[in-house]
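To start, the structure itself, in C-alpha cells.
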Amino acid sequence: MTQEVKVHPLVSPWGRFGLYSFFIDAPEPAIVDTGIASSPAEGMVPALEKLGRRIEDVRWILLTHGHIDHLGGAHALWELTGRRARVVIHEADAPLLRSRRAHVEQYVDVRQQYLNNPDAVQEQTRTANQVISGEMEPTLLVKGGETLSLGGDVSVSVHHLPGHTAGSVAYVVDGQASVFVGDAAQIHGAANGFPGYEDPAAYRASLQYLRDEVRPQHLYLGHPYRNADGVPYGVELDREAARNALQASLDLEARIDDAARRCLRAGLQETDSVYSPFAPVAEELGYTGDPTLEPSPFFTTLHGYRTTYNHLTKDEELRTHG
Numbered sequence: 042m043t044q045e046v047k048v049h050p051l052v053s054p055w056g057r058f059g060l061y062s063f064f065i066d067a068p069e070p071a072i073v074d075t076g077i078a079s080s081p082a083e084g085m086v087p088a089l090e091k092l093g094r095r096i097e098d099v100r101w102i103l104l105t106h107g108h109i110d111h112l113g114g115a116h117a118l119w120e121l122t123g124r125r126a127r128v129v130i131h132e133a134d135a136p137l138l139r140s141r142r143a144h145v146e147q148y149v150d151v152r153q154q155y156l157n158n159p160d161a162v163q164e165q166t167r168t169a170n171q172v173i174s175g176e177m178e179p180t181l182l183v184k185g186g187e188t189l190s191l192g193g194d195v196s197v198s199v200h201h202l203p204g205h206t207a208g209s210v211a212y213v214v215d216g217q218a219s220v221f222v223g224d225a226a227q228i229h230g231a232a233n234g235f236p237g238y239e240d241p242a243a244y245r246a247s248l249q250y251l252r253d254e255v256r257p258q259h260l261y262l263g264h265p266y267r268n269a270d271g272v273p274y275g276v277e278l279d280r281e282a283a284r285n286a287l288q289a290s291l292d293l294e295a296r297i298d299d300a301a302r303r304c305l306r307a308g309l310q311e312t313d314s315v316y317s318p319f320a321p322v323a324e325e326l327g328y329t330g331d332p333t334l335e336p337s338p339f340f341t342t343l344h345g346y347r348t349t350y351n352h353l354t355k356d357e358e359l360r361t362h363g
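Oh and the sequence shown: position 216 is 257 in my numbering, straight run, nothing missing.
What follows is the structure in C-alpha cells.
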C-alpha cells in the first residue's frame, strides 16, 4: 500500500456509554459497524458530509459481530447506499442479522434465568423492533482468513475472534495494522464496569492472538471501554496503548476466571443479593456495579464460566466412571 488509508470515527449515542463506527476512506469506502437504526441517517450522513464524502458511495458494510448496537443500522445504511454496499458478517452471527427474534431468544436463553424479568420477552421484542432497522441476508459470510479488496491497493483481512460472541471478528487494514475489533477486547467493560463475553476460553485465546499475532499499530474499540480506574480509553489506541489494553483485558479475565472457579467449586447459592448466584465472585473482585442494567455483562460472562466448568466436571466424571 503506497499511502496510509485514513480512518474516521463515527460516534453514535447509545444507552449510557455510546458506540463507535468507523469510516475507512478507501477507493471502495467501508463503514465498520452501523450503530442502531437511527445512526446512519442521524449520525453518519452529516459526519461524512463534513469530510466531503457521501454515504451513497459506501461500498462495504463490515460488521464485527451480531449485537444490536453494531448491526442495528445495517439495513438502513444499506438502503442509503442504494443497496449497493456489500454487507459482511461472520457466519456464526449471521442469524442475528437475519432475524430480530434471534436477539430475543438469545436474551431468554442466558440473561433471563438470572434477571427473572416477567416482562423480558415483551421488552426485548420492543427493543429489537426499535433498534434494528431491518432483517436482511448478508452479502458475504466470512469464517476468518479472507481478504477483502477495497479498491486500488487497499485490502482488509478478516480475523475470527470468538469469545464476546461466537462470530466476532476483527478487520485489519493490511500494511498499516489498523485493527477494528468491535467488542472482542473489553478491558474493564463500558458503563457497567464489567467485561462481557459468552465463551471465556475463546475470549482469552482471541486476546492472546491479537496481542501476539495481529499486533495492532492502531486499535479501534467498539465502545469507550474503561481502564481499572474507570477512565475511558480513547477512540484510537496507538501500538503501546493497544498492547496495554489487550494485556489488561487478559489480566482481568484471569482474575474473573479464578473467582468464578472458586465460586463454582463451592457450589452456587441462591441469595437475596442482586449478584445471585454469583455474589462471591462480585465480592472477591470488588465489583459494585448494577448487574441488572443492560446489557448485563456480569451475568453473561459468569454464565459462560458456569457452562465451561459444568462441562469440564461432566467430562471428568465420564473419564472417571467411563
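Backbone N, C-alpha and C fix where the C-beta goes; we use that ideal spot for every residue, glycine too.
Check, Outcome
"contact_flag[the region 109–120, the region 163–173] where n(CB pairs < 8 Å) is 3 or more", "yes"
"Outcome for Asn-233 when other beta-carbon atoms lying within 10 angstroms are tallied against a minimum of 16", "buried"
"Presumed contact (8 Å Cβ cut-off) between Pro-81 and Leu-118, rounded CB distance", "4 Å"
"Burial state of Ala-135, where buried means 16 or more other Cβ atoms lie within 10 Å", "buried"
"Nearest-angstrom Cβ-Cβ length linking Gly-192 and Pro-68, presumed shorter than 8 Å", "3 Å"
"Simplified DSSP state of Phe-64, which is helix, strand or coil", "strand"
"Residues of its chain near Arg-57, where Cβ-Cβ distance is below 7 Å and the 5 sequence neighbours each way are ignored", "Ala-232"
"Local conformation of Leu-118 per DSSP, three classes", "helix"
"7 Å Cβ shell around Phe-319 - same chain, five flanking residues per side excluded", "Cys-304, Leu-343"
"Residues near Gln-147 in its chain [Cβ-Cβ closer than 6 Å; skip 5 each side]", "none"
"C-alpha distance - Glu-90 paired with Arg-100, whole-angstrom precision", "16 Å"
"Residue environment, Thr-312, which counts as buried when at least 16 other CB atoms sit within 10 Å", "exposed"
"Sequence-distant residues of the same chain with beta carbon closer than 6 Å to Gln-165, five excluded per side", "Val-145, Tyr-148"
"Proximal residues to Ala-226 (C-beta, below 7 Å), its chain only, five neighbours per side dropped", "Leu-248, Leu-251, Leu-262, Ala-286, Leu-287, Ser-290"
"Per DSSP, cross-strand counterpart(s) of Thr-188", "Ser-198"
"For His-131 and Tyr-350, the rounded distance between their alpha carbons", "27 Å"
"Residue nearest to Gln-44 in terms of C-alpha spacing, selected from Leu-334, Ser-196, Thr-341, Ala-307", "Ser-196"
"His-205, DSSP secondary structure in three states", "coil"
"Phe-221 - partner residues in DSSP beta bridges", "Tyr-212, Tyr-261"
"Environment of Gly-237 [buried if 16+ CB atoms lie within 10 Å]", "buried"
"Whether Thr-348 touches Arg-152 by CB criterion (9 Å)", "no"
"DSSP-derived helix/strand/coil call for Asp-279", "strand"
"Of the listed residues Gly-330, Arg-142, Trp-55, Leu-104, nearest to Ser-314 (C-alpha basis)", "Gly-330"
"Cut-off 8 Å between Cβ atoms - residues of its own chain near Val-48, not counting five sequence neighbours on either side", "Phe-63, Phe-64, Ile-65, Asp-66, Val-214, Ser-219, His-259, Tyr-261, Glu-277"
"Met-85 versus Arg-95: straight-line alpha-carbon distance, rounded", "9 Å"
"Residues of its chain near Pro-321, where Cβ-Cβ distance is below 6 Å and the 5 sequence neighbours each way are ignored", "Cys-304"
"Between the CA atoms of Gly-345 and Phe-235 - distance to the nearest angstrom", "14 Å"
"Nearest to Ala-300 (by Cα), restricted to the options Pro-241, Val-129, His-201, Ala-126", "Pro-241"
"Cβ shell of Val-222 (< 6 Å), same chain only, five flanking positions each side left out", "Ala-211"
"Gln-44 Cβ short of 8 Å to the ligand MN heavy atom set", "Inclusion of the ligand MN in the displayed structure is not the case, the ligand content being empty and no account of it being possible."
"Element boundaries [beta strand (DSSP E), containing Arg-127]", "127–131"
"Segment limits, beta strand (DSSP E) that includes Ser-53", "48–53"
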